[in-house]
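Working notes, structure below.
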Amino acid sequence: MPVKPSEKEEEYFLRLESQRLKHLADERVKELKKKERDELKNLHWMHCPKCGQQLETITIKAVEVDRCFHCNGIWLDEGELEKLATTEAKKKNVVSSLLKIFG
Ligand SMILES: [Zn+2]
């Protein structure tokens, strides 16, 4: 029977995989010229990465979340996940507010 990896091992391998994917993403961006990067940004800015519809920003207890009202996805900018994980955000129940508002 296969041995289930411990949570720490699993996190370790996921962190390695994440670093590998970050490196690949950096390499891909380096190959694009600034003009191409700007064109991509203009094309995709505030559009849902899953269905392509316009995203709307809603601020819930000082955390800005981008919501797609078409496919119901919720997207976080850099640093917002960290904000949600802080004690302050937990005290304010930001995640349960998200669920109540969009649930
Ligand atoms: Zn969507």
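Residue numbers for the sequence shown follow this note's numbering, so the first one is 263 and each next one is one higher. Virtual Cβ for every residue (Gly too), placed ideally from N, Cα, C.
> Regarding Q316 and ligand 1, is the C-beta to nearest heavy atom distance less than 7 Å?
Replying inline: no
> Could you check where the alpha helix (DSSP H) with E326 kicks off and where it finishes?
Replying inline: Run containing E326: none in the alpha helix (DSSP H); it sits in the beta strand (DSSP E), 325-329.
> So is I363 buried or exposed if we call it buried at 16+ other beta carbons inside 10 Å?
Replying inline: exposed
>> Closest to M308 by C-alpha separation, out of D288, K297, H285, L338, would be which residue?
In response: L338
>> Please determine whether the Cβ atom of K312 lies at a distance below 7 Å from any heavy atom of ligand 1.
In response: yes
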